[in-house]
Amino acid sequence: LEADLQPVQEALAKISTPAPEVQELMNTLTQVQESAGELEEAYPTIVAGRTDWQAVLAAIGNYDPAQLTLTSLTQADNLITLGGRAIDSSVVVAYADALKESDLFSRVDVDSMSSAATPFVTATSTLEVTLTPTGTITPGVTITPTATITPGVTITPTVTITPTRIPGPDEYEIDDFQSKDIILGQPQLHNFHPIYDVDRVKFLAKAGRYYRVFTSDLAPGVDTYLDVRVAGTHHTNDDCYPGTGDLSSCVEFQVGTGYDLEAFVRIRNRGEYGPEMWYQITVEEIAPTPTPVPTDTPPPTDTPPPTDTPPPTGTPLPTPIPTATPIPTETPTPTPDPRDVYEPDDTDPKPIGVAETQTHSFYPSGDVDKVTFGIKSGRLYALTTSNLAFGVDTKIVVEIDGEVCPDCQNDDATDQFLESEVRFIPTADGVAVATISNVKNSQYGADKTYDL
Numbered sequence: 001l002e003a004d005l006q007p008v009q010e011a012l013a014k015i016s017t018p019a020p021e022v023q024e025l026m027n028t029l030t031q032v033q034e035s036a037g038e039l040e041e042a043y044p045t046i047v048a049g050r051t052d053w054q055a056v057l058a059a060i061g062n063y064d065p066a067q068l069t070l071t072s073l074t075q076a077d078n079l080i081t082l083g084g085r086a087i088d089s090s091v092v093v094a095y096a097d098a099l100k101e102s103d104l105f106s107r108v109d110v111d112s113m114s115s116a117a118t119p120f121v122t123a124t125s126t127l128e129v130t131l132t133p134t135g136t137i138t139p140g141v142t143i144t145p146t147a148t149i150t151p152g153v154t155i156t157p158t159v160t161i162t163p164t165r166i167p168g169p170d171e172y173e174i175d176d177f178q179s180k181d182i183i184l185g186q187p188q189l190h191n192f193h194p195i196y197d198v199d200r201v202k203f204l205a206k207a208g209r210y211y212r213v214f215t216s217d218l219a220p221g222v223d224t225y226l227d228v229r230v231a232g233t234h235h236t237n238d239d240c241y242p243g244t245g246d247l248s249s250c251v252e253f254q255v256g257t258g259y260d261l262e263a264f265v266r267i268r269n270r271g272e273y274g275p276e277m278w279y280q281i282t283v284e285e286i287a288p289t290p291t292p293v294p295t296d297t298p299p300p301t302d303t304p305p306p307t308d309t310p311p312p313t314g315t316p317l318p319t320p321i322p323t324a325t326p327i328p329t330e331t332p333t334p335t336p337d338p339r340d341v342y343e344p345d346d347t348d349p350k351p352i353g354v355a356e357t358q359t360h361s362f363y364p365s366g367d368v369d370k371v372t373f374g375i376k377s378g379r380l381y382a383l384t385t386s387n388l389a390f391g392v393d394t395k396i397v398v399e400i401d402g403e404v405c406p407d408c409q410n411d412d413a414t415d416q417f418l419e420s421e422v423r424f425i426p427t428a429d430g431v432a433v434a435t436i437s438n439v440k441n442s443q444y445g446a447d448k449t450y451d452l
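Numbering (UniProt numbering), first residue to last: 1 to 452.
Set out below in structure tokens:
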């Protein structure tokens, strides 16, 4: 190495010192080389900060329009929000998973999902993606299908409305506790899913008019049972045409009150449950069946009255004494009792049977209702309120042997409804007493009814 170094040192000694201008250029070149090195080091980071919009939009638009459609797109910094409709929530989840697997987005989250009672539309979903730069940075994405399509009606270009039966709960769920509105003459497509599903509808029934409520187009395995409540009176029917094999139900009634009111319909199933167990419910106004007019019977032929025989001459006739006309006694009209049929039950609990439904009202002001029923150890009991009139907000408290049992108080069964539900398992046989009160600045009156 020393032998090789000596000629190199001799050669360097012969090189003259560069001129000042050359040294300046060499310094500039060194600075440029250093800047180029820094740019080369920063290049991956700069490239990573670039959004490949073509790839992003291609990923967002990669869906089956027969199952999902987008209706809106908004961007805020590195966050994109999409809105649209899908046939069900599983399609939304699959779409979000596909965005995650594209490796174009740092995070994809389902932000929200809710129901909407419109044809083809039953749920809204929001997918939100927050951007974290990794490799090639792309925008965060929020995908908001504003509705998820479930079984509803298929609207064709003509006036004909054809029900579309897509597996899953019907578009009117959840209606186990809160009745959904139904329009006269327009059938609604429901199914009995999930298991033990109960459907409820309501409509305005006008004073003195006649109505018919009926089910039709029952899927094999469905056996409907109707319970129509009008002003505290229940009209029920299992089979409209017994003995024919047709398991549909029908109820006809007249509104006997002197005022309009809401009629509540509960549809239960005595058959099988599942997403394919469909049926239609219809309400229509009908004309009353005319009462036959009896044929007039011709009156009998008049018999001529006997000829009066004049009394003997000279014999005066007695003067008739007028008979006093009795004055009719006025019968007082009884005043109807506006309270429900179980009153008074504020202090005297009335019995209720398992699976029995009672209609109560909160009248007069400050009224509370009490019921009692036998209980057996180890069995599960559920006490619920439903079909609450406007202005009613129930609360249930259950006592056993004079003490409130654990978890035996409830105001609202869910955050969305004012109905109440208490479930409990007694540890010994006995008798339970339930008190139902109207809470939260609720209203009182003969029309403030609920089902228990």
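The C-beta atom is built at its ideal place from N, Cα and C for all residues, glycine as well.
- The beta carbons of H360 and L452 sit about 6 Å from each other, so the pair counts as a contact at 8 Å.
- With respect to the C-alpha of P194, the residue from L1, P169 and A98 having the closest C-alpha is P169.
- Note on S112: under 16 other CB atoms within 10 angstroms of its CB, so exposed under the neighbour-count rule.
- Counting every other CB atom within 10 Å of its CB across the protein chains shown gives T394 a total of 16 or more, marking it as buried.
- Distance between A96 and S90, taken at the CA atoms: about 10 Å.
- A direct Cα-to-Cα measurement between E252 and R268 gives close to 18 Å.
- Judged by DSSP secondary structure, Q54 falls within the alpha helix (DSSP H) whose first and last residues are W53 to I60.
- As for any beta strand (DSSP E) of minimum length 3 sitting wholly inside the stretch 380–441, the runs are 381–384, 394–400, 403–410, 421–424 and 430–438, ordered along the chain.
- In this structure, the straight-line span from the alpha carbon of Q33 to that of T51 is close to 29 Å.
- Pairwise C-beta distances place the stretch 231–240 out of contact with the stretch 180–193, as fewer than three of them are shorter than 8 Å.
- With contacts defined as CB atoms closer than 8 Å, R212 and I286 qualify as a contacting pair.
- In chain order, E421 place their CB closer than 6 Å to the CB of T384, counting only its own chain and leaving out the 5 sequence neighbours on each side.
- The shortest C-alpha to C-alpha distance from D103 to any of M277, V110, L68 and V56 is the one to V56.
- Annotation for L184: F203, V283, E284 and E285 place their beta carbon closer than 7 Å to its own, counting only its chain and skipping 5 residues before and after.
- Following the DSSP letters along the chain, one finds Y363 in no alpha helix (DSSP H), marked with neither H nor E.
- DSSP lists V213 as the beta-bridge partner residues of V283.
- DSSP places E276 outside both helix and strand once states are collapsed to three, so it counts as coil.
- Rounded to the nearest angstrom, the gap between the Cα atoms of N27 and A11 is 23 Å.
- The three-state reading of DSSP puts P351 in strand, counting E and B together.
- Collapsing the DSSP output to three states places Y225 in a strand.
- Separation of W278 and F264 (C-alpha to C-alpha, rounded to the nearest whole angstrom) is 21 Å.
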